[in-house]
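Participant: Input: one structure, supplied below.
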Amino acid sequence: MTRRWRYVMSQYAALAVNILPPFLYLLVFFYVPMSILLVMSFWKSGYMTLTPAFTFENYRLFFTSPIYLRALLNTFLIATGTMLALVVLSYPIAYYLARFSPRHERLILFLIIIPVEINFLIRIFAWKIALGRNGIINSALMSLGVIDEPLSFLLYSKFAVALVLVHEWLPYVVIPLYLALKGIPQEIIDAARSLGANRWDVFWRIIFPLSAPGLFASFVLVYIPMLGEFAVPTLVGGPSGYMLGNVIESQFLSAGNWGLGSAIGFVLLTIILILVALVLKVAGLERML
Amino acid sequence: MARGGRAIRFALAFYTYVVLGLLIYLPIVILIVFSFNDSRVMSLPWSGFTLKWYRIVLQREDLHQAIWTSLWIATVVTLISLVLGVLAANAMARYRYKGRTLFTGYVALPFVIPWLLLGIALLLFFNFLGIPLSAWTIILSHVTFDTPLVAILVAARLHQFDPTLEDAARDLGCTPWQAFRYVTLPIIAPAVIAATIFAFNWSFDAFVVTHFVSGTQVTFPLWVWSALRYPKNLPVINAVSSIIVIVEMGLIVVAEVLRRRGEAA
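First to last, the sequence lines map onto chains A and B. Going by the working numbering, the letters in the first sequence line up with residues 104 to 392, in that order. Going by the working numbering, the letters in the second sequence line up with residues 1020 to 1284, in that order.
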C-alpha cells in the first residue's frame, strides 16, 4: 500500500468517526420520530386510540374547524406582531451598542444576557405577579390615583402574551443585530458621508441593508420558536391568547387525540420549513451558518 | 462624533436603560421583593417582611428531589452532547467532502424546529416502540436538542482554525488523539466551555420537551409548572425562584470575572 493511499484511507476513517455517531443519534432520535409524526398524522385516531389505517380525517378535522383555524390565525397575529415590536424595540439598543461603542457596552451586553439564564417559567410567573388584576402594576397605579379600575387587558390577553414574549426573546434579537451592526466597516460610512450623504441616507441606504443578516438570524431564532409557543399563552393568554401550540399540547396531554395533534403539528412543521427555506434563499445559506 | 451626536448618544443610552429596566428587569425585581412579603396574595400594600417562604423552601422534599433530578439529568445530557456535538462540529468544519453542506443542514435542522414539535414527535416515538417514559427518555430527548447547539457553537470556532496545524502535529509523530488533545482542543476550548454552559442550562431549564417525555419523573421546571397551578404555592415558588435567580446571577458574575482574568493573563 502506498503512503498516499494510506493517508487518504486514514482521512476517510477519521471523517467516518466524526460523522457517524451524531448522524446515527439524530437519525434515531430526531428524523425517525419526525417521520413517525408524519405517518401517524394519517392514522385513524380517536380518544386514546390510534390505528394504522390511512385517512385524511385528521387534516379534514383541522381545516374545517373554526376553533383550530382561529388558533392558527391567532398564532400568526401574535408571533408577527411580537416580532415587529421586538425589531423596533431592539434596533436602537443594538445600534447604540454597536455604533456608539459606549463605555458601558460590556455592562449592557451582560445585562441583556443575564436574564436568559433564569428559568423561563419563573420569568413568566414573575410577569403574572406584575400584571394580574390585583397585581403589582394595577395596585401601584391605583394607589397612585392614576386609574380607578384595574386595567383588565394587562393579563389573560394577547397583550400579555406579546409582552412576555418580548421579554423572553429581546436578547435573541438584540445580539444578532448588534453583531451585524458591529461588523459594518467604518470606512464605508465615512466614504458615504464624504460623498455628501446625510445621516438619514447613511442609515437607510447603508447601515440598515447591511444589518439584514442580523434580522434574518433573529427571524430564525425568534419568530419560528414563537409559532410553536404554548407555555406563555397557557399561563398568561386566557381565551383570547389561545395559540396553535395550546391546541397541539391539549390533543396530546388532555384530549387524547394523538392523530389530530400530529396532523396539526405537521401543518405547523410545514409552515416552518417553508419559512426557513425562504429565509435561507433570501439570505444565502453560508451567511446563516 | 459629529454635531448632534452627543444628543443622540444620550437619547439612545437613556432608551436602552429604560427598555431593559421595564421589559427585562421589572418583573424579576418584583419577584424577588415579593418573596419577602408576608402574604399569600401578591399585591400592594406591603404586608410586612418575612422569611417564612424561604423556610418552606428548605422543608419541601419534593422540590429538593426535583432540583436534584434536573441537576443529574443535565450533567449526563451535557456530557453526551459534548461528545456528539464536537464530533459533528469536526465533520462540519474540518473536512472537505461532498455532502458537507447537507450534513451541516442535517445537524442544524433540529435547532430550528420548535421544541413543542420535538416533544410530541419523541412522545409518539417512545410510545410506538413501547419504551416507558422515565429519566432516560428525558435524557435521550434533551441530547437531541443539545447536540446541534454544541455542534453549531464549536463549528463556528473551528471555522477560524487552521487545519494544517493538526497535520503538522501528525507529521511530527502525534497519534490522532494526541493531535486533537494537544493542538485542536486548546484552540476550541473557549467555544467548548461556552457550549458546556449553554447545553447544561438548556437541559436544566428545559420545560417544553420534558413536559411530553417525562412520565412520572419530576424535574425542576416540571415542579414549577405544576406548582403554578395552585395559588397557595405561589409565594413558595417566589422564594425558590429568587434563590435560583440570585445563585444563577452569582455564577454568571463569577464566570465573567474568571474569563476576564483569563484574558488579562
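For each residue, glycine too, the CB sits at the ideal point set by N, CA and C.
Determine the direct distance from the alpha carbon of V120(A) to that of P1195(B), and round the result to whole angstroms.
Facilitator: Whole-angstrom Cα-Cα distance: 12 Å.
Participant: Reducing DSSP to helix, strand and coil, say where R1117(B) ends up.
Facilitator: The sequence shown places Lys at residue 1117(B), rather than the Arg named in the question. Coil at K1117(B), not helix or strand.
Participant: Apart from the five residues just before and just after G1234(B), which ones in its own chain have a Cβ nearer than 8 Å to its Cβ?
Facilitator: Excluding positions up to five away in sequence, the list reads P1151, L1152, S1153, T1156.
Participant: Per DSSP, what are the beta-bridge partners of N237(A) in this structure?
Facilitator: Partner(s): none; N237(A) has no beta bridge.
Participant: Within a Cβ cutoff of 8 Å, which residues of the same chain sit near M186(A), ignoring the five residues on either side of it in sequence?
Facilitator: Here the set comprises F322, V325, Y326, M329.
Participant: So, R1113(B) versus L1204(B), is the Cβ gap smaller than 8 Å?
Facilitator: No, the Cβ-Cβ distance between R1113(B) and L1204(B) is not below 8 Å.
Participant: Does DSSP put T154(A) in a helix, in a strand, or in coil?
Facilitator: If DSSP states are grouped into helix, strand and coil, T154(A) belongs with the strands.
Participant: Which one of I196(A), R173(A), Y194(A), V269(A) has the shortest CA to CA distance from V219(A)?
Facilitator: Nearest C-alpha to V219(A): V269(A).
Participant: Which value, in whole angstroms, describes the spacing of the CA atoms of S357(A) and I377(A)?
Facilitator: Looking at the two C-alpha atoms, the distance is approximately 30 Å.
Participant: Starting from the beta carbon of L192(A), find every residue of chain B whose beta carbon is closer than 8 Å, and list them in chain order.
Facilitator: Those within 8 Å of L192(A) in chain B are V1038, L1042.
Participant: Taking Cβ positions, are S365(A) and N177(A) nearer each other than 8 Å?
Facilitator: Against a cut-off of 8 Å, the Cβ pair of N177(A) and S365(A) comes out as no contact.
Participant: Count the other CB atoms, across all protein chains shown, that sit within 10 Å of the CB of R107(A); report buried if there are 16 or more and exposed otherwise.
Facilitator: That one is exposed.
Participant: Buried or exposed: which applies to W230(A), given that a residue is buried once 16 or more other Cβ atoms fall within 10 Å of its Cβ?
Facilitator: Classification of W230(A): buried, given that the 10 Å Cβ count is 16 or more.
Participant: Quickly, what does DSSP pair S148(A) with across the bridge? List them, please.
Facilitator: BP columns for S148(A) point to L153(A).
Participant: Please confirm whether I1099(B) and F1239(B) have their CB atoms less than 8 Å apart.
Facilitator: No, they are not a contact pair.
Participant: Answer with buried or exposed for V1037(B), where buried requires no fewer than 16 other C-beta atoms within 10 angstroms of its C-beta.
Facilitator: V1037(B) is exposed by the Cβ-count criterion.
Participant: If we count Cβ pairs, one from each stretch, closer than 8 Å, do we get three or more for the segment 290 to 307 of chain A versus the segment 241 to 249 of chain A?
Facilitator: No, because fewer than three Cβ pairs between the segment 290 to 307 of chain A and the segment 241 to 249 of chain A fall closer than 8 Å, the two stretches do not touch.
Participant: From the DSSP output, which residues share a beta bridge with N1056(B)?
Facilitator: Per DSSP, F1068(B).
Participant: Can Y326(A) be considered in contact with the ligand SAM, in the sense that its beta carbon sits closer than 7 Å to one or more heavy atoms?
Facilitator: Inclusion of the ligand SAM in the displayed structure is not the case, the ligand content being empty and no account of it being possible.
Participant: Going by Cα to Cα distance, which pick from I122(A), S260(A), R236(A) is closest to I250(A)?
Facilitator: Measuring from the Cα of I250(A), the nearest candidate turns out to be R236(A).
Participant: Between D1224(B) and chain A, is the shortest Cβ-Cβ distance under 8 Å, so that the two count as touching?
Facilitator: It does: the Cβ of D1224(B) has a partner Cβ on chain A nearer than 8 Å.
Participant: Does DSSP put Q114(A) in a helix, in a strand, or in coil?
Facilitator: Helix.
Participant: Compare the C-beta of T1035(B) against all C-beta atoms of chain A and say whether one is closer than 8 Å.
Facilitator: So, interface residue.
Participant: For W1221(B), does the count of other Cβ atoms within 10 angstroms reach 16, so buried, or fall short, so exposed?
Facilitator: Buried, by the Cβ-count rule.
Participant: Cutting at 6 Å between CB atoms, please list the residues of its own chain near S1089(B), excluding the five before and the five after it.
Facilitator: So the list reads F1223, T1238, F1239, once near-sequence residues are dropped.
Participant: Counting only beta-carbon separations shorter than 8 Å, does E1267(B) have a partner in chain A?
Facilitator: With 8 Å as the cut-off, E1267(B) counts as an interface residue toward chain A.
Participant: In three-state terms, what does DSSP make of N360(A)?
Facilitator: Coil.
Participant: When you compare the CB positions of W1244(B) and L141(A), do they come within less than 8 Å of one another, or not?
Facilitator: Contact flag unset, no.
Participant: Please report whether the beta-carbon of V350(A) lies at a distance below 8 Å from any beta-carbon of chain B.
Facilitator: Chain B contact via Cβ: absent.
Participant: Which value, in whole angstroms, describes the spacing of the CA atoms of E290(A) and R308(A)?
Facilitator: Approximately 15 Å, taken between the alpha carbons.
Participant: Pick from Y194(A), H207(A), I221(A), T183(A): whose alpha carbon is nearest that of E332(A)?
Facilitator: Ranking Y194(A), H207(A), I221(A), T183(A) by Cα distance to E332(A) puts T183(A) first.
Participant: Does any residue of chain A bring its CB to less than 8 Å from the CB of F1144(B)?
Facilitator: Taking Cβ atoms only, chain A reaches closer than 8 Å to F1144(B), which makes this a yes.
Participant: With 8 Å as the limit, tell me which residues of the segment 349 to 369 of chain A have their beta carbon closer than that to any beta carbon of chain B; keep them in chain order.
Facilitator: Hits within the stretch, in order: I351, E352, F355, L356, W361, G364, S365, G368.
Participant: Using a Cβ-Cβ cut-off of 8 Å, state whether L268(A) counts as contacting chain B.
Facilitator: With 8 Å as the cut-off, L268(A) does not count as an interface residue toward chain B.
Participant: Do we get a CB-CB distance below 8 Å when we pair T1166(B) with the residues of chain A?
Facilitator: Yes, T1166(B) counts as interfacial toward chain A.
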